[in-house]
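Visitor: Chains as they are written, first to last, in this note's numbering: chain F, 23 to 175; chain B, 23 to 175; chain V, 23 to 175.
For each residue, glycine too, the CB sits at the ideal point set by N, CA and C.
Since this is a predicted model, take the numbers as computed values, not measurements.
What follows is a structure written as structure tokens; I'll ask about it next.
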Amino acid sequence: MSMIEANLKDLGVTLADAPAPAANYVPFVQVGDLVFVSGQISQNKDGLITGKIGADMTVEDGAAAARTCAIALLSQVKAACDGDLDRLVRVVKLTGFVNSTPDFTDQPKVINGCSDFLVEALGDMGRHSRSAVSAGALPLNVAVEIEGIFQIK
Amino acid sequence: MSMIEANLKDLGVTLADAPAPAANYVPFVQVGDLVFVSGQISQNKDGLITGKIGADMTVEDGAAAARTCAIALLSQVKAACDGDLDRLVRVVKLTGFVNSTPDFTDQPKVINGCSDFLVEALGDMGRHSRSAVSAGALPLNVAVEIEGIFQIK
Amino acid sequence: MSMIEANLKDLGVTLADAPAPAANYVPFVQVGDLVFVSGQISQNKDGLITGKIGADMTVEDGAAAARTCAIALLSQVKAACDGDLDRLVRVVKLTGFVNSTPDFTDQPKVINGCSDFLVEALGDMGRHSRSAVSAGALPLNVAVEIEGIFQIK
């Protein structure tokens, strides 16, 4: 078991097999040492996490949803690494889209649910540049969608 | 004629000359083998394709609009390749912004209009990572704006 | 003083020290010669520049806000260059998010406040690819948030 996965296990997280592509796009593309991962939507074993923050979800709900995006991103990176997450060098960049009302202003606290988990799981290599914005709406009414760029070896 | 352009011809598509920059930004910038293409807005020979999906446009209208963004992206990549599209190695990443109402949830079906065209035109090298989200609004009220990262040789 | 900073001084702009990270993300991450800079929000010495364009702010207000994002981006790039901005090779890509009403359609004119400043300050190396879209809402109700990718040596 990779050191990172051992750490994830301590955090109570098991990475699922990366979901198969649902269309003519793929979960990730690698160019050189960069892996571009498709936007991951908030979901857990019970299904999609849906709702609009500021209306029917709180900031805390949103942060919990963003955490599931982090886990989905790591699952994709594991697949990109042929199953060996210890090939991960750095989380480079995240773009976090929050499904919110037009007057919501705590996007960073929502996306922190993803950022905090990545640093908890990966340590310093989990620290990343990012943007956190609201989208007007998101696919299937999910609460959060987060895409990422990762460096692997 | 490049193999890709022969394929585009079979699909009834001719790439227009890439539009000139309208401001202090440019249609694309290349760094190493990566080409970053500016957001391309939905338009065809009749002009801009405008409207808000969920209000005055259907999902199908949106997908047709997204297809025009794909053609515009390829026109820019052709220019980045000095006219020889066979230098294209891979479509790496797309970010698709849909002009929609706040309750619209079929962003992926809209952006599929772009993704499906790229795979139809390019085959496996057209498969890409992507994000599909709604924007609160888009320039000139266009229905769709899509930016892309491409690998060329 | 670097040539670029001398030029900035002529423009009446002094780069502040890059703000420290406020969470488990960082202002920038470098991979090879690419620097990915986190989304910079509109602010000046008087504090955050907040508001929704189309409601309580004009296009000109928005462009002035976008200009402050350009200055913040350059401050981060300077830090990435260990203080020597002359190591900057090229502004590669900007993504500009505008806090606007759903019927606002002049996102490009707002983000031009950033693009125009970068070309004014940097000349041709300031020309970049970009996308300009509205976000449904932005952190702390800022008017503009802009992220960037830069090439340095």
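Under the DSSP definition of a beta bridge, which residues are partnered with isoleucine 171 of chain V?
Guide: Walking along the third sequence from the start, residue 171 of chain V turns up at place 149. BP columns for isoleucine 171 of chain V point to V/Phe58, V/Lys115.
Visitor: Just verifying my parser: in three-state terms, what is the DSSP assignment at isoleucine 63 of chain B?
Guide: If you number the second sequence from 1, residue 63 of chain B lands on position 41. DSSP places isoleucine 63 of chain B in strand when its eight states are reduced to three.
Visitor: By DSSP, does threonine 123 of chain V sit in helix, in strand, or in coil?
Guide: Against the third sequence, residue 123 of chain V aligns to sequence position 101. Threonine 123 of chain V: coil per DSSP, three-state reduction.
Visitor: Would you say glycine 61 of chain B reaches chain V, if we count a Cβ-Cβ gap shorter than 9 Å as a contact?
Guide: As a working mapping, residue 61 of chain B is identified with position 39 in the second sequence. True, the Cβ-Cβ gap to chain V drops below 9 Å.
Visitor: Restricting to Cα atoms, I'd like to know which of F/Ile75, F/Phe58, F/Ala87 is closest to glycine 69 of chain F.
Guide: Position 47 of the first sequence, counting from 1, holds the residue named residue 69 of chain F. The shortest C-alpha separation from glycine 69 of chain F is found at F/Ala87.
Visitor: With distances taken Cα to Cα, identify the nearest neighbour of aspartate 138 of chain V among V/Ala159, V/Val113, V/Ser156.
Guide: Within the third sequence, numbered from 1, the residue matching residue 138 of chain V stands at position 116. The option with the nearest alpha carbon to aspartate 138 of chain V is V/Val113.
Visitor: By DSSP's criteria, leucine 110 of chain F is part of a beta bridge. Which residues make up the other side?
Guide: Indexing the first sequence from 1 puts residue 110 of chain F at position 88. Leucine 110 of chain F is bridged to F/Ile174.
Visitor: Which one of V/Gly76, V/Val132, V/Val141, V/Leu144 has the shortest CA to CA distance from glutamate 167 of chain V?
Guide: Taking the first residue of the third sequence as position 1, residue 167 of chain V is located at position 145. Checking every option, the nearest Cα to that of glutamate 167 of chain V belongs to V/Val132.
Visitor: Which residues share a DSSP beta bridge with leucine 70 of chain B?
Guide: Numbered from its first residue, the second sequence carries residue 70 of chain B at position 48. Bridge partners of leucine 70 of chain B: B/Gln65.
Visitor: Would you please verify whether the beta carbon of asparagine 29 of chain V is less than 9 Å from any beta carbon of chain F?
Guide: Reading the third sequence from its first residue, position 7 is the one you call residue 29 of chain V. Cβ-Cβ to chain F under 9 Å: no for asparagine 29 of chain V.
Visitor: According to DSSP, is arginine 149 of chain V part of a helix, a strand, or is it coil?
Guide: Residue numbering aside, residue 149 of chain V sits at position 127 when the third sequence is read from its first letter. The answer is coil: DSSP assigns arginine 149 of chain V none of H, G, I, E or B.
Visitor: Consider the Cβ of threonine 90 of chain V: report whether some Cβ of chain F lies at a distance smaller than 9 Å.
Guide: Here residue 90 of chain V refers to the residue found at position 68 of the third sequence. False, the Cβ-Cβ gap to chain F never drops below 9 Å.
Visitor: What do you reckon, are the CB atoms on leucine 140 of chain F and leucine 107 of chain F nearer than 9 Å?
Guide: As a first step, residue 140 of chain F must be located in the first sequence, where it is residue number 118. As a first step, residue 107 of chain F must be located in the first sequence, where it is residue number 85. Cβ atoms of leucine 140 of chain F and leucine 107 of chain F: not closer than 9 Å.
Visitor: For glutamine 65 of chain V, collect the residues of the same chain with a Cβ closer than 8 Å to its Cβ; drop the 5 residues on either side in sequence, then sort them by chain order.
Guide: Mapped onto the third sequence, residue 65 of chain V falls at position 43. Closer than 8 Å at the Cβ level, and outside the excluded window around glutamine 65 of chain V, lie Ile71, Thr90, Ala94, Val164.
Visitor: Is it right to say valine 120 of chain B is buried, meaning 16 or more other beta carbons lie within 10 angstroms of its own, or is it exposed?
Guide: As a working note, residue 120 of chain B is residue 98 in the second sequence. Buried.
Visitor: Distance cutoff 9 Å, beta carbons only. Does proline 49 of chain B sit that close to anything in chain F?
Guide: As a position in the second sequence, residue 49 of chain B is number 27, starting the count at 1. No, proline 49 of chain B does not count as interfacial toward chain F.
Visitor: Given a threshold of 16 other Cβ atoms within 10 Å of its Cβ, counted over all protein chains shown, does methionine 79 of chain B qualify as buried or as exposed?
Guide: For the purposes of this step, residue 79 of chain B is identified with residue 57 of the second sequence, where counting begins at 1. So methionine 79 of chain B ends up on the buried side.
Visitor: Taking the alpha carbon of glutamate 27 of chain V as the point to measure from, which residue in V/Val48, V/Arg152, V/Gly145, V/Val53 has its own alpha carbon closest?
Guide: The sequence position of residue 27 of chain V within the third sequence is 5, counting from 1. The option with the nearest alpha carbon to glutamate 27 of chain V is V/Gly145.
Visitor: Which residues in the same chain have their Cβ closer than 7 Å to the Cβ of lysine 74 of chain B, if we skip the five residues on either side of it in sequence?
Guide: For the purposes of this step, residue 74 of chain B is taken as the residue at position 52 of the second sequence. Closer than 7 Å at Cβ, skipping near neighbours: Asn121, Ser122, Thr123.
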